[in-house]
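What follows is a single structure, written as structure tokens, with notes after it.
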Amino acid sequence: MVLEFVFYLSISLVPWALPLGILISSVMLLGNLAERYELASMKSAGISLLRVMLPLIIFSVLIAIFSYTCSNYLMPIANLKFKSRLYDLRKQKPTLSLEQGVFNDDFQGYVIRIGEKGRDGQTIKDVLIYENNNNQTRYNQTMAESGQMFTTPDKQFMIMNLKNGRQYQEPIKTQEPNNPTAKKDQFPFVRISFKEWRKVFDLREFDISRTDESLFKGNQTMLSTGLLLKAIDSIQQKKEQKAVDFRIGLITNFANLSNSRLIFEPGKALPETLKQKNDSKYTENYQWDTIKPFADAKDLLKGIEVSESKQIMARALATTKTIIDQAKGTISSVDKTQEAKSKFIFELNSKFTWAFVCIIFLFIGAPMGAIVRKGGFGYPILVAIIFFMIFIILTILCKKISESQAMSAILASWLPCLVLMPIGIWLTIKSMNDAALMNLDVWEANIKKLFSKIKLLRKPKVNPS
């Protein structure tokens, strides 16, 4: 199990290891060439830095393709296997360990204490067992002077053969339905003595159960590029459907609103005079541009009785609160859907950014090695770790920002590369022009001068007597 976890985890770390490997190796390689003046000899022979870096560029492009292949095909499978196994391990009980003098509750519904264990691992003495999973008894305790403990050949059950013991039980008091006047405290306690008693425990609850991996396949880290695109499209459709459902519900709420004065009782006929009056109105020609709006919404309630106007206002207020609550719920649901969409978009673009940063780190590491002029495992490791930490910090920061909807997920995923790319271009140009940006001897001399001046300033002045 441990090797399986390490194997799946190592596959998921491949896209992280490739950029760091390119960064360290390029700094070490060009640093060694510059330290031994081999790079200066190549430049004096007319070979530019880009010409020296050409094989490295081709190699880094191949590494970038391999990184994308791992991110798109291997990582989803490795993440699925790793997280499903981790879930099974977290919900699984620890290995059974019955130590002498210790109360053990690994078995569900049982507490076991063994006073002494023999050297053979099977002989046990002073055994105490509490059982609390029996619905028929309130108290169930078993005590034995000695016994043997062993497992079956298939390792599925553990058997305890106890000798010379006693069992105490307190049945649950129940009232007989046919005799409600019967005494409920008859035979409240049971004591049983035995010479030999066998108890079987099921060990299968300690086995690791394999959870169905399809339960985890919806996570964005377990999908390939094609599946991520389909998932993003599906999430967008759900988001649009929620907005449409809210609009339809809003229209339905307004359509159901009606004035109680216009609702007649069932079976009650409309007065003939009112019908003729309405028919005559519909035949008239209206001049819509001459109709003036109400000066105030309260004018609508002037012709209505006070009791009815209060009812109308109460219904309007209740309807408004309902619509506001529905709008808040829809906004919250849409925000969660958009957050899920941002996670999928960020994961999709991360497959490409982790591949592209391999090329960027080459144009950072190689010029830095040529400028620093130090090989080995000293300064190159320090320089590589600094730039790699910058990339990791920016990636984590941008991921959090994209999930909070403060930045586009596409821009957030590519921002670390956009920050490091100008640095790589600038370092390459400076290295091609032989700019001494990191002349360590000069920096060391300046630091020594600074410390010497500080010592002189701190040195107390001696007054002449």
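Note that the working numbering gives residue 627 to position 229 of the sequence shown, counting from 1, and the numbers run on in steps of one.
Note that CB positions come from ideal geometry on N, CA and C, so glycine has one too.
(Q) Nearest by alpha-carbon distance to residue 620: which of 410, 437, 849 is it? (A) The residue given as residue 620 occupies position 222 in the sequence shown. Residue 620 has its Cα closest to that of 410, out of 410, 437, 849.
Q) In terms of DSSP beta bridges, what is residue 594 paired with? A) On the sequence shown, residue 594 is found 196 positions in, with the first residue counted as 1. DSSP lists 561 as partners of residue 594.
Q: Just grab the DSSP bridge partners of residue 548 for me.
A: By one-based count along the sequence shown, residue 548 stands at place 150. Answer by DSSP bridge pairing, in chain order: 557.
Q.
So for residue 542, helix, strand or coil by DSSP?
A. Taking the sequence shown and counting its residues from 1, one reaches residue 542 at position 144. Correct three-state label for residue 542: strand.
Q. Under a Cβ-count criterion, where at least 16 other Cβ atoms within 10 Å of its own Cβ denotes burial, should residue 642 be classed as buried or exposed?
A. By one-based count along the sequence shown, residue 642 stands at place 244. Residue environment for residue 642: exposed (fewer than 16 other C-beta atoms within 10 angstroms of its C-beta).
Q | Selected residue, minimal CA-CA separation from residue 812, among 748, 528, 844 | A | For the purposes of this step, residue 812 is identified with residue 414 of the sequence shown, where counting begins at 1. The shortest CA-to-CA distance from residue 812 to any of 748, 528, 844 is the one to 748.
Q: Return the residue from the list 730, 719, 736, 550 that minimises the CA-CA distance to residue 632.
A: Start at 1 with the first residue of the sequence shown, and residue 632 comes out as number 234. Of 730, 719, 736, 550, the residue nearest in Cα terms is 736.
Q. Mapping DSSP to helix, strand and coil, what is residue 435?
A. Indexing the sequence shown from 1 puts residue 435 at position 37. Looking at residue 435 - three-state DSSP - the assignment turns out to be coil, as it is neither helix nor strand.
Q: Run the CB neighbour count on residue 822, radius 10 Å, all protein chains shown included, and call it buried at 16 or more, exposed below.
A: Working through the sequence shown from its first residue, we reach residue 822 at position 424. Around the C-beta of residue 822, 16 or more other C-beta atoms lie within 10 Å, and the residue is accordingly described as buried.
Q) Are residue 446 and residue 763 touching if we call contact CB-CB under 7 Å? A) Residue 446 sits at position 48 when you count from the first residue of the sequence shown. Residue 763 sits at position 365 when you count from the first residue of the sequence shown. With contacts defined as CB atoms closer than 7 Å, residue 446 and residue 763 fail to qualify as a contacting pair.
Q) If you count every other CB in all the chains shown that lies within 10 Å of the CB of residue 414, and 16 or more means buried, which is it? A) For the purposes of this step, residue 414 is taken as residue 16 along the sequence shown, with counting starting at 1. Flag for residue 414 reads exposed.
**Q.** Sequence-distant residues of its chain with Cβ nearer than 7 Å to residue 742 (five each side left out)
**A.** Residue mapping note: residue 742 aligns to position 344 of the sequence shown, counting from 1. Excluding positions up to five away in sequence, the list reads 618, 626, 629, 630, 633.
Q | Cutoff 8 Å; reference residue 739; Cβ partners in own chain excluding five residues on either side | A | Here residue 739 refers to the residue found at position 341 of the sequence shown. Result list for residue 739: 630, 633, 634, 637, 807, in chain order.
Q) With burial defined as no fewer than 16 other Cβ atoms inside 10 Å of the residue's Cβ, what is the status of residue 538: buried or exposed? A) On the sequence shown, residue 538 is found 140 positions in, with the first residue counted as 1. Looking at its Cβ environment, which holds 16 or more other Cβ atoms inside 10 Å, residue 538 is buried.
Q) When the Cα atoms are used, what is the spatial distance from residue 798 to residue 615? A) Counting from 1 along the sequence shown, the entry for residue 798 is found at position 400. Counting from 1 along the sequence shown, the entry for residue 615 is found at position 217. Taken atom to atom, the span from the alpha-carbon of residue 798 to that of residue 615 is near 23 Å.
**Q.** Straight-line gap, residue 650 to residue 731 (C-alpha atoms, nearest Å)
**A.** Within the sequence shown, numbered from 1, the residue matching residue 650 stands at position 252. Within the sequence shown, numbered from 1, the residue matching residue 731 stands at position 333. The alpha-carbon atoms of residue 650 and residue 731 are separated by roughly 20 Å.
Q) Between which two residues does the beta strand (DSSP E) containing residue 526 stretch? A) In the sequence shown, counting from the first residue as 1, residue 526 sits at position 128. Per DSSP, residue 526 belongs to the beta strand (DSSP E) from 521–529.
Q. If you draw a straight line from the C-alpha of residue 590 to the C-alpha of residue 483, how long is it?
A. Here residue 590 refers to the residue found at position 192 of the sequence shown. Here residue 483 refers to the residue found at position 85 of the sequence shown. Distance between the alpha carbons of residue 590 and residue 483 is about 46 Å.
Q. Taking one C-beta from the segment 782–795 and one from the segment 714–725 each time, how about it: are there three or more such pairs within less than 8 Å?
A. Segments in contact, no.
Q) Measuring CA to CA, which of 463, 545, 733 is closest to residue 518? A) Residue 518 sits at position 120 when you count from the first residue of the sequence shown. Checking every option, the nearest Cα to that of residue 518 belongs to 545.
Q.
For the beta strand (DSSP E) containing residue 508, name the first residue and the last one.
A. Translated into the one-based positions of the sequence shown, residue 508 becomes position 110. Element bounds for residue 508: 508–515.
(Q) Here's a check: name, in chain order, each residue in its chain whose Cβ is nearer than 6 Å to the Cβ of residue 526, leaving out the five neighbours to either side. (A) Reading the sequence shown from its first residue, position 128 is the one you call residue 526. Cβ neighbours of residue 526 beyond the five flanking positions: 511, 541.
Q) Using the rule of at least 16 other Cβ atoms within 10 Å of the residue's Cβ for burial, across every protein chain shown, is residue 769 buried or exposed? A) Your numbering for residue 769 matches position 371 in the sequence shown. Here residue 769 is buried, its C-beta having at least 16 other C-beta atoms within 10 Å.
Q) So, are the CB atoms of residue 756 and residue 408 less than 7 Å apart? A) Stepping through the sequence shown from its first residue, residue 756 is reached at position 358. Stepping through the sequence shown from its first residue, residue 408 is reached at position 10. Contact: no.
(Q) Which residue marks the beginning of the alpha helix (DSSP H) containing residue 801, and which one marks its end? (A) Position 403 of the sequence shown, counted from the start, is the residue given in the question as residue 801. Per DSSP, residue 801 belongs to the alpha helix (DSSP H) from 777–801.
Q: Closer than 8 Å by C-beta to residue 864: which residues in its own chain qualify, once you throw out the five before and the five after it? Chain order, please.
A: Missing from the structure shown is residue 864; the chain here goes from 399 to 863 and no further.
Q: Over the uninterrupted alpha helix (DSSP H) stretch that includes residue 472, give me the two end residues.
A: Here residue 472 refers to the residue found at position 74 of the sequence shown. Here residue 472 belongs to no alpha helix (DSSP H), and DSSP marks it neither H nor E.
Q) Pick from 602, 560, 567: whose alpha carbon is nearest that of residue 595? A) Within the sequence shown, numbered from 1, the residue matching residue 595 stands at position 197. Scanning 602, 560, 567 for the CA closest to the CA of residue 595 turns up 560.
Q: Using alpha carbons as the reference points, say which of 406, 438, 462, 444 lies closest to residue 417.
A: For the purposes of this step, residue 417 is identified with residue 19 of the sequence shown, where counting begins at 1. Between residue 417 and the set 406, 438, 462, 444, the nearest pair of CA atoms involves 462.
Q. Do you know offhand how far residue 558's Cα is from residue 750's?
A. Translated into positions along the sequence shown, residue 558 becomes position 160. Translated into positions along the sequence shown, residue 750 becomes position 352. C-alpha separation (whole angstroms): 60 Å.
Q) If you count every other CB in all the chains shown that lies within 10 Å of the CB of residue 477, and 16 or more means buried, which is it? A) Residue 477 sits at position 79 when you count from the first residue of the sequence shown. Residue 477 counts as buried, since at least 16 other C-beta atoms from the protein chains shown sit within 10 angstroms of its C-beta.
Q. By Cβ distance, which residues of its chain are closer than 6 Å to residue 412, with the 5 residues on each side in sequence left out?
A. Along the sequence shown, one-based indexing puts residue 412 at 14. Its chain contains 468 as the residues whose beta carbon lies nearer than 6 Å to that of residue 412, once the 5 sequence neighbours on both sides are disregarded; these appear in chain order.
Q) In whole angstroms, what separates the C-alpha of residue 430 from that of residue 456? A) The residue labelled residue 430 in the question sits at position 32 within the sequence shown. The residue labelled residue 456 in the question sits at position 58 within the sequence shown. So the alpha carbons of these two residues sit roughly 20 Å apart.
Q. Sorted by chain position, which residues of the same chain lie with C-beta nearer than 7 Å to residue 520's C-beta, five sequence neighbours on each side aside?
A. The residue you call residue 520 lines up with position 122 of the sequence shown. Non-local beta-carbon contacts of residue 520 in its own chain, meaning distances under 7 Å to residues more than five positions away in sequence, involve 546, 547, 548 in chain order.
Q. Taking the C-alpha atoms as reference points, what is the distance between residue 460 and residue 504?
A. Here residue 460 corresponds to residue number 62 of the sequence shown, with the count starting at 1. Here residue 504 corresponds to residue number 106 of the sequence shown, with the count starting at 1. Taking the straight line from one Cα to the other gives about 53 Å.
Q: Keeping to the same chain, check which residues put their C-beta closer than 8 Å to that of residue 854; ignore five residues upstream and five downstream.
A: Indexing the sequence shown from 1 puts residue 854 at position 456. Cβ neighbours of residue 854 beyond the five flanking positions: none.
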